[in-house]
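J.: Protein sequences, first through last, are from chains A and B.
Under our numbering, the first residue of the first sequence carries the number 7, and numbering increases by one thereafter.
Under our numbering, the first residue of the second sequence carries the number 7, and numbering increases by one thereafter.
Think of the CB as a built atom: it goes at the ideal place given N, C-alpha and C, for glycine as much as any other residue.
I'd like to ask you about the structure that follows.
2 protein chains.
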Amino acid sequence: MISIYNLEDYKIIRDGIKYLLTQEPDFKWIGDSRDVDDLYAALDSQNIDIVLLDIYLDGMQDVKTSNGFEICRYITNNYPSVKVIAHSMYDDSDKVVKMFAAGAKGFVSKRTGYDYLIKGIRTVYDGGIFICSESGKNLKNVSDYINGQAIELKAINEFFSKREKEVLELMAKGFLSKDIAKELFITEKTVESHRRNMVQKAKVKNTMELISLAISRGIIKT
Amino acid sequence: MISIYNLEDYKIIRDGIKYLLTQEPDFKWIGDSRDVDDLYAALDSQNIDIVLLDIYLDGMQDVKTSNGFEICRYITNNYPSVKVIAHSMYDDSDKVVKMFAAGAKGFVSKRTGYDYLIKGIRTVYDGGIFICSESGKNLKNVSDYINGQAIELKAINEFFSKREKEVLELMAKGFLSKDIAKELFITEKTVESHRRNMVQKAKVKNTMELISLAISRGIIKT
DNA sequence: AAACTATTAGGGGATTTCCCTGATTTTTCC
DNA sequence: GGAAAAATCAGGGAAATCCCCTAATAGTTT
Numbered sequence: 007m008i009s010i011y012n013l014e015d016y017k018i019i020r021d022g023i024k025y026l027l028t029q030e031p032d033f034k035w036i037g038d039s040r041d042v043d044d045l046y047a048a049l050d051s052q053n054i055d056i057v058l059l060d061i062y063l064d065g066m067q068d069v070k071t072s073n074g075f076e077i078c079r080y081i082t083n084n085y086p087s088v089k090v091i092a093h094s095m096y097d098d099s100d101k102v103v104k105m106f107a108a109g110a111k112g113f114v115s116k117r118t119g120y121d122y123l124i125k126g127i128r129t130v131y132d133g134g135i136f137i138c139s140e141s142g143k144n145l146k147n148v149s150d151y152i153n154g155q156a157i158e159l160k161a162i163n164e165f166f167s168k169r170e171k172e173v174l175e176l177m178a179k180g181f182l183s184k185d186i187a188k189e190l191f192i193t194e195k196t197v198e199s200h201r202r203n204m205v206q207k208a209k210v211k212n213t214m215e216l217i218s219l220a221i222s223r224g225i226i227k228t
Numbered sequence: 007m008i009s010i011y012n013l014e015d016y017k018i019i020r021d022g023i024k025y026l027l028t029q030e031p032d033f034k035w036i037g038d039s040r041d042v043d044d045l046y047a048a049l050d051s052q053n054i055d056i057v058l059l060d061i062y063l064d065g066m067q068d069v070k071t072s073n074g075f076e077i078c079r080y081i082t083n084n085y086p087s088v089k090v091i092a093h094s095m096y097d098d099s100d101k102v103v104k105m106f107a108a109g110a111k112g113f114v115s116k117r118t119g120y121d122y123l124i125k126g127i128r129t130v131y132d133g134g135i136f137i138c139s140e141s142g143k144n145l146k147n148v149s150d151y152i153n154g155q156a157i158e159l160k161a162i163n164e165f166f167s168k169r170e171k172e173v174l175e176l177m178a179k180g181f182l183s184k185d186i187a188k189e190l191f192i193t194e195k196t197v198e199s200h201r202r203n204m205v206q207k208a209k210v211k212n213t214m215e216l217i218s219l220a221i222s223r224g225i226i227k228t
């Protein structure tokens, strides 16, 4: 289940997105709001995977976190495991670049179809980077961007499967392979397989570096 | 070398502190300012260990980060390896508690001597918690506080010596003991000693948990 | 249908860490 | 100056990981 929160100024858009996203069986709708503080409260109390973020919130101009860039930076700094997808009317390249600089993992224009939004959510949830075609077409400096198609880039770090993450979290707690095996009701050999596969996927030297990478990128919580 | 930045409203106090702290041979003076943005710029560009923070900055009343508590919280959230020492005229217990709640590692009253400030900087740099006697005397809820003396509490995490941290950082990079030994021009056995001592000090199960703790608390950078 | 991935599992041997004890020199602190 | 902490080195054995190999099953994607 991918749990989602939507921050958006206009009620009509909020309701539309809510209707569309709640149709997806593997999406868990946490809530929406036009108020950042509601989002922050939700981030503190709920387990949120994806935050959809409108870049310009009209009601926010005079508040301390005055725009989507700062909100995005705040979220990615303070909740490293949460992924932000920018959702905006305006999709000129400097805004796209700014949002990615602020830690966003996706950028979807409001002018594109909602299928792109859903695709983007899944891609970002799986550790990728998503830019929809509308937003990407003016973008020159994203090297992997190819001729106007929506792109999905797999992040170097988050190749890990659900099971692998379970093993990883227990490793970070100092569990030995045999302890992890007992905890997950699998054999020690299987744990070693997961361990090995993760080291390979992440292209690191050993489990020590794997843990260090996983924690510093917020893949697992401590 | 302990690198220090001072945020303080009054120029006279700024200059006084600068003069006193630059006398210490192992202190590296990064700079001072009455403007938070200068501090943030310094945090982004320089390697800063300690931030001295005046709680009430008169010039800051109308700015987005309106007081020392919020600045402190912002720093500790966004720069986990940076340690904040609160420096204030007012030292009633609720302010002390508030500052520690905001992530400060030290609290020094401006009414005490500067030797306490220097002592505090060293204690906090070494991973401890410091409250000068002036600020601590009304404080009931710090369990380890004893009869009006300046206190130094060793943090659970940061017992580590300079050498141990060097070993730790290489461990996080996936270096084996023999690699670390070569890098630091010591024998493998010595590396193992440091490894073992750190695991013991941190009261963790093994090096895996040690790394996970060290990174999530910002003891080492990645 | 074929290709790919996730999850599971095993053997065997090389490498590494872990744990115990013990010791010397240097540095730091009071 | 003397105590304490830090940093250095060592041997030996148990435990764990790492690394090479293979491989079955289930599910998804192309």
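#1: Excluding five sequence neighbours on each side, which residues of the same chain lie with their C-beta closer than 7 Å to the C-beta of Ile226(A)?
#2: Measuring straight from C-alpha to C-alpha, what distance separates Gly22(B) and Asp38(B)?
#3: Of all the CB atoms in chain B, is at least one closer than 8 Å to the CB of Ile81(A)?
#4: Roughly how many whole angstroms lie between the Cα atoms of Ser94(B) and Asn84(B)?
#5: Taking Cβ to Cβ, would you say Ile6(B) is nearer than 8 Å to Ile54(B)?
#6: Tell me which residue opens and which closes the alpha helix (DSSP H) that Gly112(B) is part of.
#7: Whole-angstrom Cβ separation of Ile56(B) and Tyr131(B), contact assumed at under 8 Å?
#8: In the DSSP assignment, the alpha helix (DSSP H) including Val197(B) goes from what residue to what residue?
#9: DSSP has Leu174(B) in a bridge; who is on the other side?
#10: State yes or no: is the beta carbon of Glu215(B) nearer than 8 Å to at least one beta carbon in chain A?
#11: Which residues mark the beginning and the end of the beta strand (DSSP E) in which Gly37(B) is found?
#12: By a C-beta neighbour count over all protein chains shown, 10 Å radius and 16 as the cutoff for buried, is Arg202(A) buried or exposed?
#13: Could you tell me if Thr82(B) is buried or exposed, where buried requires 16 or more neighbouring beta carbons within 10 angstroms of its beta carbon?
#14: Please classify Ile137(A): is it buried, with 16 or more other beta-carbons within 10 angstroms of its beta-carbon, or exposed?
#15: Look up Arg92(A) in the DSSP assignment and give the residues it is bridged to.
#16: At least one CB of chain B closer than 8 Å to the CB of Asn203(A): is that the case?
#17: According to the neighbour-count rule (16 or more other Cβ atoms, all chains shown, within 10 Å of its Cβ), is Ser51(B) buried or exposed?
#18: Nearest CA to the CA of Arg40(A): which residue from Glu215(A), Lys195(A), Arg20(A)?
#19: Count the other CB atoms, across all protein chains shown, that sit within 10 Å of the CB of Thr28(B); report buried if there are 16 or more and exposed otherwise.
#20: For the stretch 180-208 of chain A, which residues have a CB atom closer than 7 Å to at least one CB atom of chain B, in sequence order?
#21: Let me make sure I understand the geometry here. Which of Glu198(A), Ala48(A), Val114(A) has the alpha-carbon closest to that of Val88(A)?
#22: Under the assumption that Ile217(A) contacts Ile217(B) (Cβ atoms under 8 Å), give the Cβ distance between them as a whole number of angstroms.
#23: Helix or strand or just coil, what does DSSP make of Tyr46(B)?
#24: Can you give me the C-alpha to C-alpha distance between Lys160(A) and Ser167(A), rounded to a whole angstrom?
#25: Could you tell me which of Leu182(A), Leu123(A), Ser115(A), Ala92(A) sits nearest to Gly109(A), measuring between CA atoms?
#26: Quick one: list the residues of chain B neighbouring Ser218(A), beta-carbon separation under 7 Å, in chain order.
#27: Return no unless some Cβ of chain A is closer than 8 Å to the Cβ of Val210(B).
#28: Roughly how many angstroms separate the alpha carbons of Tyr80(A) and Asp44(B), rounded to a whole number?
#29: Can you tell me the Cα-Cα spacing of Thr196(A) and Gln206(A), whole angstroms?
#30: Which of the three DSSP states, helix, strand or coil, is assigned to Asn84(A)?
#31: Exposed or buried, which one is Lys209(B) when buried takes at least 16 other CB atoms within 10 Å?
#32: How many Å lie between Asp32(B) and Thr213(A) at the Cα?
#33: Apart from the five residues just before and just after Glu14(A), which ones in its own chain have a Cβ nearer than 6 Å to its Cβ?
#34: Around the C-beta of Ile18(B), are 16 or more other C-beta atoms found within 10 angstroms, so that it is buried, or is it exposed?
#35: If Ile10(B) and Ile127(B) are in contact, beta carbons under 8 Å, what's the gap, nearest whole angstrom?
#36: If you count every other CB in all the chains shown that lies within 10 Å of the CB of Tyr16(A), and 16 or more means buried, which is it?
T.: Put simply:
#1: For Ile226(A), where only same-chain residues beyond five positions count, the Cβ hits under 7 Å are Lys171, Leu174, Glu175, Ala178, Ala220.
#2: Rounded to the nearest whole angstrom, the CA to CA distance from Gly22(B) to Asp38(B) is 11 Å.
#3: Taking 8 Å as the threshold, the shortest C-beta distance from Ile81(A) to chain B does not fall below it.
#4: Approximately 23 Å, taken between the alpha carbons.
#5: In the structure as shown, chain B begins at 7 and stops at 228. Residue 6(B) is therefore absent and cannot be evaluated.
#6: Here Gly112(B) belongs to no alpha helix (DSSP H); instead the beta strand (DSSP E) covers 112-115.
#7: With a contact defined as Cβ atoms closer than 8 Å, Ile56(B) and Tyr131(B) qualify at about 6 Å.
#8: In this chain, the alpha helix (DSSP H) harbouring Val197(B) covers 194-208.
#9: None; Leu174(B) has no bridge partner.
#10: Contacts with chain A at 8 Å (Cβ-Cβ) include Glu215(B).
#11: Per DSSP, Gly37(B) belongs to the beta strand (DSSP E) from 33-39.
#12: Note on Arg202(A): under 16 other CB atoms within 10 angstroms of its CB, so exposed under the neighbour-count rule.
#13: The residue is buried, with at least 16 neighbouring Cβ atoms inside 10 Å.
#14: With 16 or more other CB atoms across the displayed protein chains lying within 10 angstroms of its CB, Ile137(A) is buried.
#15: Going by the sequence as given, residue 92(A) is Ala instead of Arg. DSSP links Ala92(A) through a beta bridge to Leu59(A), Phe113(A).
#16: No, Asn203(A) lies away from the interface with chain B (no Cβ there is under 8 Å from its Cβ).
#17: When all chains shown are included, Ser51(B) counts as exposed.
#18: With respect to the C-alpha of Arg40(A), the residue from Glu215(A), Lys195(A), Arg20(A) having the closest C-alpha is Arg20(A).
#19: Within 10 angstroms of the beta-carbon of Thr28(B) lie fewer than 16 other beta-carbons, which makes it exposed.
#20: Taking 7 Å as the cut-off between beta carbons, the residues of the stretch 180-208 of chain A near chain B are Gly180, in sequence order.
#21: Residue Ala48(A) is the option with its Cα nearest to Val88(A).
#22: Between Ile217(A) and Ile217(B) a beta carbon distance of about 5 Å is seen, short of the 8 Å cut, so the two are scored as contacting.
#23: Residue state, collapsed to three classes: helix.
#24: Any answer about Lys160(A) is weak, because its pLDDT of 37 lies below 50 and its placement is not dependable; what the coordinates show is given next. So the alpha carbons of these two residues sit roughly 13 Å apart.
#25: With respect to the C-alpha of Gly109(A), the residue from Leu182(A), Leu123(A), Ser115(A), Ala92(A) having the closest C-alpha is Ala92(A).
#26: The answer, in chain order, is Ala178, Ile217, Ile221, Thr228.
#27: Chain A contact via Cβ: present.
#28: In a straight line, the C-alpha of Tyr80(A) is about 19 Å away from that of Asp44(B).
#29: Here the C-alpha atom of Thr196(A) lies approximately 15 Å from the C-alpha atom of Gln206(A).
#30: In the structure shown, Asn84(A) sits in a helix (DSSP, three-state: H, G or I).
#31: Flag for Lys209(B) reads exposed.
#32: Asp32(B) and Thr213(A): Cα-Cα distance of roughly 36 Å.
#33: When the five nearest sequence neighbours on each side are left out, the beta carbons in the same chain lying within less than 6 Å of the beta carbon of Glu14(A) are those of Arg20, Asp60, in order along the chain.
#34: Per the 10 Å Cβ criterion, exposed.
#35: The distance from the Cβ of Ile10(B) to that of Ile127(B) is about 7 Å, consistent with a contact at the 8 Å cut-off.
#36: Counting other Cβ atoms within 10 Å of its Cβ, Tyr16(A) stays below 16 and is therefore classed as exposed.
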